[in-house]
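Residue numbers (my numbering): 58 to 166.
Think of the CB as a built atom: it goes at the ideal place given N, C-alpha and C, for glycine as much as any other residue.
Just below is one structure, and these are the notes that go with it.
The structure is reproduced here in structure tokens:
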């Protein structure tokens with residue numbers, strides 16, 4: 058989870074400053090803490106905070122209603138809501154690369 062640091066006013070729109078957020082890794086079972094430490098997951102995800110923040114920014118800028126408005130204004134069956142959303146959030150790239158798949162899926166819920 059990306060949690061705004063104390064004293065940072067974030068508001069509804071995410072900031073693009075990674076230093077404004079702390080990273081918290083929540084494990085469902087305490088036994089998994091050893092894997093977090095063993096694989097240095099905190100350090101790895103700390104490095105990739107900007108990736109999550111950029112997806113949050115996209116989610117903020119392209120709401121479902123805005124995407125629907127875009128599809129309606131194009132008057133072209135090829136540009137459906139699904140296709141526009143897939144293009145914005147790079148769904149085809151995810152299917153090939155699968156980098157940060159769970160992180161991105163969690164953010165875009």
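Over the uninterrupted beta strand (DSSP E) stretch that includes residue i, give me the two end residues.
i	result
residue 59	59-61
residue 80	78-80
Looking only at C-alpha atoms, which of the options sits nearest to residue i?
i	options	result
residue 120	109, 142, 134	142
residue 98	114, 80, 86	80
residue 114	148, 74, 88, 122	74
residue 157	112, 92, 94	112
With a CB to CB cut of under 7 Å and the five nearest residues on each side skipped, what residues in its chain are close to residue i?
i	result
residue 90	84
residue 62	77, 78, 79
Evaluate residue i with the Cβ neighbour count: other Cβ atoms within 10 Å of its Cβ, from every protein chain shown; 16 or more gives buried, anything less gives exposed.
i	result
residue 82	exposed
residue 64	exposed
residue 110	buried
residue 166	exposed
residue 86	exposed
On the DSSP letters alone, give me the boundaries of the alpha helix (DSSP H) that residue i sits inside.
i	result
residue 131	121-131
residue 138	138-145
residue 109	106-118
To which residues of the same chain is residue i closer than 8 Å at the C-beta, ignoring the five residues directly before and after it?
i	result
residue 164	109, 112, 113, 116
Open item on the list: Whether or not the stretch 120-136 and the stretch 91-110 are in contact is what I'm after, with contact meaning three or more pairs of Cβ atoms, one per stretch, closer than 8 Å; do they touch?
Closed with: no
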